[in-house]
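First comes the structure, then the notes that go with it.
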Amino acid sequence: MHSGDTIQCTVKDIFVPIFEGLLAEGNVYVVTNFGVALNTIKFKPTRHEFRIHFKRDTIVRPVQDSSFPLNGFNFVLFKTIQSESREDGYLVDVIGQLASKGNLVEFTRDGKPSSYITIELDDLEGGQKLRVTLWQSFAFDLLKYLEEHPCLTYVVILQMGKIKFYNGVMGVFNTNYNSKLFINVEFPAARDFFARVNKLDPVDGQGIMSLVCDQPVSVEEDFLRLSVYKTIAEIKEHNQDAVSVTAGTIKEVEIEFGWWYKGCKKCRRGLREIEKRYFYPNCIRDYGFYEPRYSIHIRVIDHTDATSFVLFDGEAAKFLGVSANDLRQSCVTKGVEKNSCPEEINKLRVIKFIFKVQLKMRNLNSYEPYVIHVLIMINENSLVSAFLDKYNPDPACESKLTPSPAVDEKHNSKILGAKKHIEEVGEESVSSKSKKRKWVVMEN
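Written out as structure tokens, the structure is:
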């Protein structure tokens, strides 16, 4: 490593009691006898290709060295973020003057309250402002600071934020466990930015402008006005990640790929079973249990072509009216054959839906150029009728169209591949390469 480089370090929960009393934020340490692994986790705080992890016999020795930066900021220009054509897993640091803010938006998801606020930052580089979404405690911390410290200029730093494409705009949001928010701090980076602000002409006294963007978007507005409509043929021809809306009829459930997967109860990702334990790298620890979650491959046809969508837990449970765990238990009780399709899932067939889908170009292998995930699916009559009236897909053609096989004609390769989708695409998991991993089973 060179001076100024950063690398991610992980301490597994089993070793936390050993090291938590030895480490303090802002101190400098010499660390020896640690493990090294490829950095394959979902969110990457650094762009280093490797990450390190503490072992039981890792040695940590404090030293006095004022030459080390305390924060390790690596700020990214807003124009660089906005020029990105796709989201990636790297976390970024941004700094800017608070230019505008929206209202706090509060809602309920899966029975749990949630909230967020959207702000715009100006990095004084003359480009577009960056939209930043702060969730939960980050939103409350911002509002509390603005209320308790009224002033004309606020310099905001979001460290380790996630790049996200939403409503046609590439922005940044905080993650739950990695991000940090700083406002008007005395760090050198913030002082330098304040100096740049002071060199500019003073603002007109209006202070922070109101950002009108946080009213919850209705499903009708999303499908009929905001989202881009594409036919299935157009979706299949796309060559980069994209979100669009479409209409089609579910012709069949591709049960050969299964209909559920072993999910992590904490993060919902697909788990790998190794030596009777269940493992997902991002969750630090392993588990002796899993939670069944839906992953249903459906064959959808419209007037232009047919393709396969992957329907995950939230939307599947909403339409089936039963959780994957309960349905699996019911199948076991009834003695349903392992590889057969439950009657409840077969009810999806021959129903016309409008879909909001996400195309992901993953290139998992030569047989899987992309996958198409269902974000939202609706069969409410009035909305479906309004959608069809606007985009006028010809339903008569669906009955005449011969569905193409589950093959991407452009790449001449099979599209879907069941388990890989769960482990590497569908639930953003990273499959383990080790078949000989040793596990320590802890009794709670």
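Just so we're aligned, residue 1 is where the sequence shown starts under UniProt numbering, counting upward by one.
Where is the CB? At the ideal position from N, CA and C, for every residue including glycine.
Nothing here was measured: the structure is a model prediction, and the numbers come from that model.
Give the DSSP-derived three-state secondary structure of residue i in the structure shown.
{"i": "Asp-93", "result": "strand"}
{"i": "Glu-220", "result": "helix"}
{"i": "Arg-328", "result": "helix"}
{"i": "Ser-115", "result": "strand"}
{"i": "Ser-308", "result": "strand"}
{"i": "Ser-100", "result": "strand"}
{"i": "Lys-55", "result": "coil"}
{"i": "Val-16", "result": "helix"}
{"i": "Ile-255", "result": "helix"}
{"i": "Lys-129", "result": "coil"}
{"i": "Ile-235", "result": "helix"}
{"i": "Pro-202", "result": "Model confidence at Pro-202 stands at a pLDDT of 47, short of 50, so the residue's coordinates are unreliable; what they give is reported in the following sentence. DSSP places Pro-202 in coil when its eight states are reduced to three."}
{"i": "Arg-349", "result": "coil"}
{"i": "Asp-302", "result": "coil"}
{"i": "Asn-174", "result": "strand"}
{"i": "Phe-140", "result": "helix"}
{"i": "Tyr-391", "result": "helix"}
{"i": "Gln-8", "result": "strand"}
{"i": "Ala-24", "result": "coil"}
{"i": "Val-169", "result": "strand"}
{"i": "Tyr-154", "result": "coil"}
{"i": "Thr-41", "result": "The amino acid occupying residue 41 in the given sequence is Ile; Thr does not appear at that position. It is coil, neither helix nor strand."}
Residues in the same chain with beta-carbon distance under 8 Å from residue i, minus the five sequence neighbours each way, listed in chain order, please.
{"i": "Lys-71", "result": "Reading off the sequence shown, one finds Asn at residue 71, where the question assumed Lys. These residues qualify, in order along the chain: Gln-159, Phe-187 and Ala-189."}
{"i": "Lys-252", "result": "Residue identity check: residue 252 is Glu in the sequence provided, not Lys. Hits under 8 Å: Ile-298, Arg-299 and Arg-349."}
{"i": "Cys-151", "result": "Asn-184"}
{"i": "Arg-47", "result": "Tyr-90"}
{"i": "Ile-351", "result": "Thr-249, Ile-250 and Asn-379"}
{"i": "Ser-340", "result": "Ile-255"}
{"i": "Asn-346", "result": "Val-253"}
{"i": "Val-76", "result": "Val-92, Asp-93 and Val-94"}
Among the residues of its own chain, which have a CB less than 6 Å from the CB of residue i, if the five just before and after it don't count?
{"i": "Leu-124", "result": "Arg-196"}
{"i": "Gln-53", "result": "The sequence as given places His at residue 53; Gln does not occur at that position. Hits under 6 Å: Thr-10 and Gly-35."}
{"i": "Lys-236", "result": "Thr-307"}
{"i": "Val-28", "result": "Val-63, Asp-65 and Phe-68"}
{"i": "Ile-372", "result": "Phe-309, Val-357 and Leu-359"}
{"i": "Gln-8", "result": "Pro-45, Thr-46 and Arg-51"}
{"i": "Gly-321", "result": "none"}
{"i": "Ser-323", "result": "Ala-317"}
Starting from the Cα of residue i, find the closest Cα among the options and give me that residue.
{"i": "Gly-111", "options": "Asn-392, Phe-387, Gly-314 and Val-374", "result": "Gly-314"}
{"i": "Val-374", "options": "Arg-131, Ile-117, Cys-9 and Lys-318", "result": "Lys-318"}
{"i": "Glu-120", "options": "Pro-113, Arg-131 and Ser-114", "result": "Arg-131"}
{"i": "Val-31", "options": "Ile-7, Thr-6, Ile-59 and Leu-23", "result": "Ile-59"}
{"i": "Phe-173", "options": "Thr-133, Asn-381 and Val-155", "result": "Thr-133"}
{"i": "Ile-95", "options": "Ile-14, Glu-148 and Arg-191", "result": "Arg-191"}
{"i": "Phe-165", "options": "Asp-241, Leu-311, Leu-388 and Asp-122", "result": "Asp-241"}
{"i": "Asp-389", "options": "Ala-247, Lys-356, Arg-269 and Ala-306", "result": "Ala-247"}
{"i": "Tyr-391", "options": "Phe-355, Val-155 and Lys-230", "result": "Lys-230"}
{"i": "Lys-101", "options": "Asn-339, Ser-179 and Val-156", "result": "Val-156"}
{"i": "Gly-127", "options": "Phe-107, Pro-17, Ser-115 and Gln-82", "result": "Gln-82"}
{"i": "Ile-18", "options": "Asn-39, Gly-26 and Arg-56", "result": "Arg-56"}
{"i": "Ala-316", "options": "Thr-304, Phe-353 and Ile-163", "result": "Phe-353"}
{"i": "Phe-78", "options": "Ile-163, Asn-239, Gln-136 and Glu-273", "result": "Ile-163"}
{"i": "His-238", "options": "Glu-344, Thr-118, Met-361 and Phe-194", "result": "Met-361"}
{"i": "Asn-74", "options": "Ala-37, Thr-6, Leu-98 and Ala-386", "result": "Thr-6"}
{"i": "Leu-98", "options": "Ser-323, Leu-146 and Pro-342", "result": "Leu-146"}
{"i": "Glu-291", "options": "Leu-327, His-303 and Leu-311", "result": "Leu-327"}
{"i": "Phe-387", "options": "Val-243, Arg-225, Glu-234 and Ser-323", "result": "Arg-225"}
{"i": "Ser-244", "options": "Phe-355, Ser-137 and Glu-344", "result": "Phe-355"}
Are there 16 or more other CB atoms within 10 angstroms of the CB of residue i, so buried, or fewer, so exposed?
{"i": "Pro-45", "result": "buried"}
{"i": "Cys-264", "result": "buried"}
{"i": "Tyr-370", "result": "buried"}
{"i": "Ile-232", "result": "buried"}
{"i": "Gly-21", "result": "exposed"}
{"i": "Phe-50", "result": "exposed"}
{"i": "Val-169", "result": "exposed"}
{"i": "Ala-24", "result": "exposed"}
{"i": "Gln-329", "result": "exposed"}
{"i": "Asp-305", "result": "buried"}
{"i": "Gly-26", "result": "exposed"}
{"i": "Ser-382", "result": "exposed"}
Using a Cβ-based criterion (distance less than 8 Å to any ligand heavy atom), does residue i qualify as near the ligand SAM?
{"i": "Phe-355", "result": "Although the ligand SAM was asked about, the structure shown includes no ligands whatsoever."}
Quick check: is the beta carbon of residue i nearer than 9 Å to any beta carbon in chain B?
{"i": "Glu-120", "result": "Chain labels in this structure do not include chain B; a single protein chain is all it has."}
Taking 7 Å as the limit between beta carbons, can you name the residues of its chain near residue i, skipping five residues before and five after?
{"i": "Glu-84", "result": "Ile-163 and Met-170"}
{"i": "Arg-61", "result": "Tyr-29 and Val-30"}
{"i": "Phe-15", "result": "Phe-54 and Arg-56"}
Practice task
Would you check if the region 293-301 and the region 257-265 touch, i.e. whether three or more CB-CB distances between them fall below 8 Å?
Solution key: yes
Practice task
Count the CB pairs spanning the region 137-146 and the region 178-185 that are closer than 8 Å, and state whether there are at least three.
Solution key: yes
Exercise for the section: Would you be able to state if there are at least three C-beta pairs under 8 Å between the region 218-228 and the region 334-352? Expected result: no
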